[in-house]
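K.L.:
Okay, so the sequence shown: first residue is 103 according to the numbering used here, each after it adds one.
From the three backbone atoms N, C-alpha and C, an ideal C-beta is built for every residue, glycine too.
Structure incoming, see below.
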Amino acid sequence: APHAWFAAYAPRENPEIAIAVLVENSGDGSAVAAPITRAVLEYYFFGDE
């Protein structure tokens with residue numbers, strides 16, 4: 103299976119964090135790596151609410 107990649111930075115204006123997620127042998131990046139990226143960014147900005 104292909105590897106899933108997703109990269110992002112936030113916020114869009116004046117970024118303060120950049121992240122790249124790689125999940126080996128897992129398929130499409132938008133289905134696998136993007137949700138992981140979202141979880142990390144939500145934790146970074148909002149903590150453990």
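Let me know if A120 comes out buried or exposed under the rule of 16 or more other beta-carbons within 10 Å of its beta-carbon.
P.N.:
As a first step, residue 120 must be located in the sequence shown, where it is residue number 18. With fewer than 16 Cβ atoms within 10 Å of its Cβ, A120 is classed as exposed.
K.L.:
Identify whether A141 lies in helix, strand or coil by the three-state DSSP scheme.
P.N.:
Within the sequence shown, the letter at position 39 stands for residue 141. Here A141 sits in helix by DSSP.
K.L.:
So, are the CB atoms of A106 and V134 less than 7 Å apart?
P.N.:
Counted from its first residue, the sequence shown places residue 106 at position 4. Counted from its first residue, the sequence shown places residue 134 at position 32. The answer is yes: Cβ separation under 7 Å.
K.L.:
Is it buried or exposed, F147, if we count other Cβ atoms within 10 angstroms and call 16 or more buried?
P.N.:
The count along the sequence shown starts at 1 and reaches residue 147 at position 45. Classification for F147: exposed.
K.L.:
Just to confirm, are A122 and A136 a CB contact at a threshold of 7 Å?
P.N.:
Sequence index remark: in the sequence shown, residue 122 carries index 20 (1-based). Sequence index remark: in the sequence shown, residue 136 carries index 34 (1-based). No; because the gap between Cβ atoms is not below 7 Å, this pair is not in contact.
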